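Chemist: Numbering (the numbering used here), first residue to last: 154 to 364. Don't be surprised by glycine CBs; every beta carbon is placed ideally from N, CA and C. Computed from a prediction, not measured in an experiment: that's the story for all the values here. Below is a structure I'd like to ask you about.
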């Protein structure tokens with residue numbers, strides 16, 4: 154049996170139609186079920202429901218053969234032991250730098266100021282600012298990123314943005330785009346090699362479903 158790791162929320166919601174186009178339907182809805190392992194209409198495939206940040210770890214260590222994870226999560230994880238054969242084109246958003254309205258970010262960068270930046274995506278932020286030669290102190294937070302500049306904890310944030318509504322509601326403005334983000338199908342390298350007769354058809358079915 155193959156195991157596909159998914160997280161609740163947007164990724165799950167946008168993956169289900171792709172699975173349906175591949176002829177696969179979950180036997181239960183994880184949003185209403187307490188079960189963390191869910192069967193599907195394909196008796197050779199089951200789903201495991203985990204935190205988004207844990208999907209690459211489950212796949213890397215073989216607890217799941219495949220998974221769906223955002224590019225942001227994969228960059229932070231490092232991608233070790235994983236194939237990323239398909240960009241599914243779902244969960245689209247962008248990683249950006251945002252600052253309080255009125256903060257002269259360009260001037261601060263030009264004069265070499267050392268900025269305090271709050272983010273959940275420390276690796277992504279570190280690489281971004283290092284490439285620009287900007288000196289930053291990174292502050293790791295797990296939620297309510299927009300509060301950090303308002304409370305004086307940070308000068309800027311690095312976070313995912315979709316519509317930008319939350320930034321505007323908290324008087325923050327986007328000053329730089331770090332990366333375009335979408336969700337990828339990831340596969341355990343060992344499973345891809347040793348169980349290719351099962352894994353490869355599923356990968357190809359999802360590639361076709363993603364169009």
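By how many angstroms is the C-alpha of residue 331 removed from the C-alpha of residue 271?
Modeler: Position 118 of the chain shown, counted from the start, is the residue given in the question as residue 271. Position 178 of the chain shown, counted from the start, is the residue given in the question as residue 331. Their backbone Cα atoms lie some 14 Å apart in a straight line.
Chemist: If I measure Cβ to Cβ from residue 324 and keep anything under 7 Å in the same chain, skipping five residues before and after, which residues do I get?
Modeler: Along the chain shown, read from residue 1 onward, the residue named residue 324 stands at position 171. Within the same chain, residue 324 has close Cβ partners 253, 254.
Chemist: Report all residues from its chain with a CB closer than 7 Å to the CB of residue 262; omit the five preceding and five following residues, and keep chain order.
Modeler: Your numbering for residue 262 matches position 109 in the chain shown. Taken in chain order, the residues that qualify are 287.
Chemist: Are the stretch 329-347 and the stretch 233-248 touching, with three or more C-beta to C-beta distances below 8 Å?
Modeler: yes
Chemist: Alpha carbon to alpha carbon, how far is residue 216 from residue 165?
Modeler: As a working note, residue 216 is residue 63 in the chain shown. As a working note, residue 165 is residue 12 in the chain shown. Taking the straight line joining both Cα atoms gives about 19 Å.
Chemist: Taking the alpha-carbon of residue 335 as reference, which of 223, 351, 208 has the nearest alpha-carbon?
Modeler: Residue mapping note: residue 335 aligns to position 182 of the chain shown, counting from 1. Ranking the options by Cα distance to residue 335, first place goes to 223.
Chemist: Using the three-state DSSP reduction, which class does residue 269 fall into: helix, strand or coil?
Modeler: Numbered from 1 along the chain shown, position 116 holds the residue referred to as residue 269. Residue 269 falls in the strand class under three-state DSSP.
Chemist: Between 213, 294, 315, which lies nearest to residue 404 when the distance is taken from Cα to Cα?
Modeler: Coverage of the chain is limited to positions 154 through 364, which leaves residue 404 absent and any answer about it impossible.
Chemist: Looking only at C-alpha atoms, which of 357, 183, 364, 160 sits nearest to residue 204?
Modeler: Here the question's residue 204 lines up with position 51 in the chain shown. Of 357, 183, 364, 160, the residue nearest in Cα terms is 160.
Chemist: Note down, in chain order, each residue of its chain lying with its Cβ closer than 7 Å to the Cβ of residue 188, except the 5 sequence neighbours on either side.
Modeler: On the chain shown, residue 188 is found 35 positions in, with the first residue counted as 1. Excluding positions up to five away in sequence, the list reads 181.
Chemist: As a quick exercise: from 156, 219, 247, pick the residue whose alpha carbon is nearest that of residue 274.
Modeler: Position 121 of the chain shown, counting from 1, holds the residue named residue 274. The shortest C-alpha separation from residue 274 is found at 247.
Chemist: According to DSSP, is residue 349 part of a helix, a strand, or is it coil?
Modeler: Taking the first residue of the chain shown as position 1, residue 349 is located at position 196. Helix, per DSSP.
Chemist: Evaluate contact between the stretch 171-179 and the stretch 295-307, counting only Cβ atoms and requiring at least three cross-stretch pairs below 8 Å.
Modeler: no
Chemist: Please state whether DSSP places residue 177 in a helix, a strand or coil.
Modeler: Taking the first residue of the chain shown as 1, we reach residue 177 at position 24. In the structure shown, residue 177 sits in coil (DSSP, three-state: anything other than H, G, I, E or B).
Chemist: Threshold first: 3 residues or longer. Then list the beta strand (DSSP E) segments lying entirely within the stretch 206-239, N to C.
Modeler: 219-223
Chemist: Thinking C-alpha only, which one of 281, 322, 321, 168 is nearest residue 244?
Modeler: On the chain shown, residue 244 is found 91 positions in, with the first residue counted as 1. It is 168.
Chemist: Find out if the Cβ-Cβ distance for the pair residue 311, residue 278 is shorter than 8 Å.
Modeler: Stepping through the chain shown from its first residue, residue 311 is reached at position 158. Stepping through the chain shown from its first residue, residue 278 is reached at position 125. In contact: residue 311 and residue 278 (Cβ atoms closer than 8 Å).
Chemist: Do residue 198 and residue 209 come within 8 Å of each other at the CB atom, strictly closer than that value?
Modeler: For the purposes of this step, residue 209 is taken as the residue at position 56 of the chain shown. For the purposes of this step, residue 198 is taken as the residue at position 45 of the chain shown. No, these two residues do not count as a Cβ contact at 8 Å.
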